[in-house]
Amino acid sequence: MNIWWVRRDLRLSDNQALTAALSEGGGVVPVFILDEHLLNTPAEKRQAFLFAGLRELDHDLRSRGSRLVIRRGDPATELARIAAECSAADVYAEQDVTPYAIRRDLAVGRKVNLHLVGGLGVHPPAAVVKSDGNPYTVFTPYSRAWRALPFSSQTLPTPAVLPPVPAFFSAVPPDLPVPDLFQPGEREAQRRLAVFLSGAIYEYQDARNRPDLDGTSTLSPYFRFGMLSARQAVLAARQAVENAPDTQARSSCETWINEIIWREFYQSILYHFPFVLQTAFKPSLRSIPWQNKPQDLRAWQMGLTGYPIVDAGMRQLAATGWMHNRVRMITASFLVKHLLVDWREGERWFMRSLIDGDPAANNGGWQWTAGTGTDAAPFFRIFNPVIQGEKFDPAGEYVRRWVPELERVPQKFIHAPWKMSSEQQHAARVMIGIDYPAPIVDHFVARRRVLDAYSQSRSTIVSE
DNA sequence: TTTTGAGTTGTTCGA
DNA sequence: GTCGAACAACTCAAA
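Taking numbering that gives the first Met the number 0, the leading residue of the first sequence gets 0, the next gets one more, and so forth.
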């Protein structure tokens, strides 16, 4: 008897941990442990998505003769207990990269015979390293090495029948409302992948930047919990490259594959440099004099900054637990560079709000935006929220969807409504400063301020 | 060891 | 309106 310890691999298809647990031909008990981390989290939407995903997985297991055993408590204690109850020999799980997961797995490994297999990404973090064995810290060479590494072109089969599970106690996760935009589960992940492959992937290169269009795969929550295997996604995208009608479509598919590689790049960064969760990767940007005004942070969180594209994004996040990637960059840049709030505040808010919130990707994204990370944006790159809005939401449809106060504002002013005369505001039925805030900072003032703040940090002598 | 080329996603200014 | 340069050096990866 073996245990398949489910963590971030809520799927039966192409699952290395499950396959390994089954390989000896004996029984397998699928187990999920609800630890303190998962039970006491402020990330309500992600928690609800996970819990509903567990019910979905249980359902899929039951239709094959198995079921999911759910326990609450300390993973090491609970796994040891279950192993004793069913005299399980080995525990199989997918390797995770966060410091918390690594510590937890070490503790578990002292109590049971734990085998960690690859799977969170296509290539495990230790596999994609330079010839001298050190990790990459620049994306492009990392991606070249990643692409050069062979991996099986066969996904692992979904077992048709699974061994029955002895009748243990199973704690069923509490019922929480599932966020409407994202139904959890493997079937839904496969459906979204198929939809994306049937069209949008071929336009991805340009359409992905447009929050007013459905140009992205919307698969991030499914990748986050392993409801879809990264390998299957990459294989499917490679097939799409073959089917692509022209160069443009081919490079769109490659761009999407690149995004999956970015995900693994940041997993690798967190694995090799766990301190990034505490501080800037770049020592020279560890002493930026932040303003950290609570009222600025609050205005940003609530979508009341007076910059429509920023507010639309923050309200989309609050309402749905998801935000379009282009808008994640704009809102993040605004918090860090315009409001001069420490990027870790934004990182924390995103982790609390996002259904797809993942420590590696989220930290990588924030450090990239702040310019503090590996291969990050140059510090002097400051997104202008008006230009970004006009470029990527040209008709203002995205803004109007999430900031209904601006519904009647003409296209010309939709990304800078404070420029309307009072007659124009009257006609648009929105008084700036009353119905919708005036900009909380002036773009050019903020720009000057952040450049000064960064140069101050850069001129500070750093001892590592 | 040294050298060389390169590096996700922008903005602003002046010609 | 369009274009190229400056922004600011810096560090990494690989030959």
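Yeah, the Cβ is synthetic: ideal placement off N, Cα and C, and Gly gets one too.
Rounded distance between the beta-carbons of Leu-161 and Ser-65, thought under 8 Å: On the first sequence, position 66 is the one that residue 65 refers to. On the first sequence, position 162 is the one that residue 161 refers to. About 4 Å; that satisfies the 8 Å criterion.
Own chain residues within Cβ distance below 6 Å of Phe-150, not counting five before or after: Counting from one through the first sequence, the residue named residue 150 turns up at place 151. Excluding positions up to five away in sequence, the list reads Val-121.
At least three beta-carbon pairs within less than 8 Å, the stretch 314-329 to the stretch 383-402: yes
8 Å CB neighbourhood of Arg-146 in its chain, flanking five on each side removed: Against the first sequence, residue 146 aligns to sequence position 147. Ile-260, listed in sequence order.
Closest residue to Ser-456 among Val-444, Glu-406, Thr-371, Cys-85 (Cα-Cα distance): The count along the first sequence starts at 1 and reaches residue 456 at position 457. That would be Thr-371, whose Cα lies nearest to the Cα of Ser-456.
Through-space distance from Val-90 to Val-444, alpha-carbon basis: To locate residue 444, count along the first sequence from 1; it is residue 445. To locate residue 90, count along the first sequence from 1; it is residue 91. Answer to the nearest angstrom: the Cα atoms are 57 Å apart.
Minimum length 4: unbroken alpha helix (DSSP H) runs contained in the stretch 91-163: 98-110, 138-147
For Phe-349 and Met-322, the rounded distance between their alpha carbons: Counting from 1 along the first sequence, the entry for residue 322 is found at position 323. Counting from 1 along the first sequence, the entry for residue 349 is found at position 350. Using only the alpha carbons, I get a separation of about 10 Å.
Three or more C-beta pairs below 8 Å linking the stretch 275-283 and the stretch 230-245: no
Separation of Ala-83 from Pro-176, as counted between CA atoms: In the first sequence, the residue the question calls residue 176 occupies position 177. In the first sequence, the residue the question calls residue 83 occupies position 84. Between Pro-176 and Ala-83, the C-alpha separation is close to 35 Å.
Given Gly-24 as reference, the closest of Val-30, Ala-88, Glu-43 once Cα atoms are compared: Here residue 24 is taken as the residue at index 25 of the first sequence, counted from 1. With distances taken between Cα atoms, Gly-24 lies closest to Ala-88.
Alpha-carbon to alpha-carbon, Asn-1 and Asn-39: By one-based count along the first sequence, residue 39 stands at place 40. By one-based count along the first sequence, residue 1 stands at place 2. Straight-line Cα distance between these residues: approximately 29 Å.
4-residue-minimum alpha helix (DSSP H) runs that sit fully inside the stretch 171-201, ordered along the chain: 185-196
Extent of the continuous alpha helix (DSSP H) to which Ile-268 belongs: For the purposes of this step, residue 268 is taken as the residue at position 269 of the first sequence. Unbroken alpha helix (DSSP H) run through Ile-268: 246-271.
Beta-carbon contacts of Glu-185 that lie in its chain and below 6 Å, excluding the five residues immediately before and after: For this step, residue 185 is matched to residue 186 along the first sequence. For Glu-185, where only same-chain residues beyond five positions count, the Cβ hits under 6 Å are Arg-10, Met-226.
Whole-Å CB distance - Phe-333 paired with Tyr-453, under 8 Å assumed: On the first sequence, residue 333 is found 334 positions in, with the first residue counted as 1. On the first sequence, residue 453 is found 454 positions in, with the first residue counted as 1. 16 Å between Cβ atoms; not a contact.
Which residues DSSP lists as bridging Leu-227, in chain order: As a working note, residue 227 is residue 228 in the first sequence. Looking at the DSSP assignment, Leu-227 forms no beta bridge with any residue, so it has no partner.
C-beta contact flag for Leu-192 and Leu-212 at 8 Å: As a first step, residue 192 must be located in the first sequence, where it is residue number 193. As a first step, residue 212 must be located in the first sequence, where it is residue number 213. For Leu-192 and Leu-212, no; Cβs fall outside 8 Å.
Opposing strand residues paired with Tyr-435 [DSSP bridges]: Translated into the one-based positions of the first sequence, residue 435 becomes position 436. According to DSSP, which records beta bridges pairwise, Tyr-435 is partnered with Ile-431.
Contact belief for Gln-94 with Pro-123 at Cβ below 8 Å, rounded distance in angstroms: Here residue 94 is taken as the residue at index 95 of the first sequence, counted from 1. Here residue 123 is taken as the residue at index 124 of the first sequence, counted from 1. Indeed, because the Cβ distance is near 6 Å, the residues count as touching under 8 Å.
For Arg-343, the first and last residue of its enclosing alpha helix (DSSP H): As a position in the first sequence, residue 343 is number 344, starting the count at 1. It spans 342-352 - the alpha helix (DSSP H) in which Arg-343 sits, taken as one unbroken run.
Close beta carbons around Glu-463, own chain, < 7 Å, minus the five adjacent residues each side: Working through the first sequence from its first residue, we reach residue 463 at position 464. Low confidence applies here, because Glu-463 scores a pLDDT of 46, under 50, leaving its location unreliable and the question unanswered by this model.
Reference Leu-49; option with closest CA among Arg-7, Leu-78, Ser-86: As a working note, residue 49 is residue 50 in the first sequence. When each option's Cα is compared against that of Leu-49, the closest is Arg-7.
Under the three-state DSSP convention, the category Phe-379 falls into: Locating residue 379 in the first sequence gives position 380, where the first residue counts as 1. Phe-379 falls in the coil class under three-state DSSP.
Beta strand (DSSP E) segment containing Phe-69, residue limits: Reading the first sequence from its first residue, position 70 is the one you call residue 69. Here residue 69 turns out to be Ile, not Phe, going by the sequence shown. 68-71 is the span of the beta strand (DSSP E), which, as asked, contains Ile-69.
Backbone CA spacing between Asn-14 and Ala-75 [nearest angstrom]: Here residue 14 corresponds to residue number 15 of the first sequence, with the count starting at 1. Here residue 75 corresponds to residue number 76 of the first sequence, with the count starting at 1. Approximately 22 Å, taken between the alpha carbons.
Buried/exposed call for Ala-437, threshold 16 Cβ in 10 Å: The residue given as residue 437 occupies position 438 in the first sequence. Classification for Ala-437: exposed.
Cutoff 6 Å; reference Gln-231; Cβ partners in own chain excluding five residues on either side: Working through the first sequence from its first residue, we reach residue 231 at position 232. The answer, listed in chain order, is Asp-13, Thr-154.
Simplified DSSP state of Glu-463, which is helix, strand or coil: In the first sequence, counting from the first residue as 1, residue 463 sits at position 464. For Glu-463, the pLDDT reaches just 46, beneath the cut-off of 50, and the residue's location in the model is therefore unreliable, although a value from the coordinates is still provided. If DSSP states are grouped into helix, strand and coil, Glu-463 belongs with coil.
Residue of Arg-249, Thr-215, Glu-263 minimising C-alpha distance to Ser-228: The residue labelled residue 228 in the question sits at position 229 within the first sequence. With distances taken between Cα atoms, Ser-228 lies closest to Glu-263.
Asp-8 - DSSP class collapsed to helix/strand/coil: On the first sequence, residue 8 is found 9 positions in, with the first residue counted as 1. Three-state DSSP puts Asp-8 in coil, outside helix and strand.
Length at least 3, wholly inside the stretch 13-82: the beta strand (DSSP E) runs in chain order: 27-33, 68-71
For Ile-2, three-class secondary structure by DSSP: Against the first sequence, residue 2 aligns to sequence position 3. Reduced to three states, the DSSP call for Ile-2 is strand.
Neighbourhood of Pro-178 by C-beta distance below 7 Å, restricted to the same chain and skipping five residues each side: Counted from its first residue, the first sequence places residue 178 at position 179. Contacts found: Lys-44, Ala-47, Phe-48, Thr-319, Gly-320, Ile-354.
Own chain, CB closer than 7 Å to Met-430, minus 5 neighbours either side, in chain order: Your numbering for residue 430 matches position 431 in the first sequence. So the qualifying residues of the chain are Gln-424.
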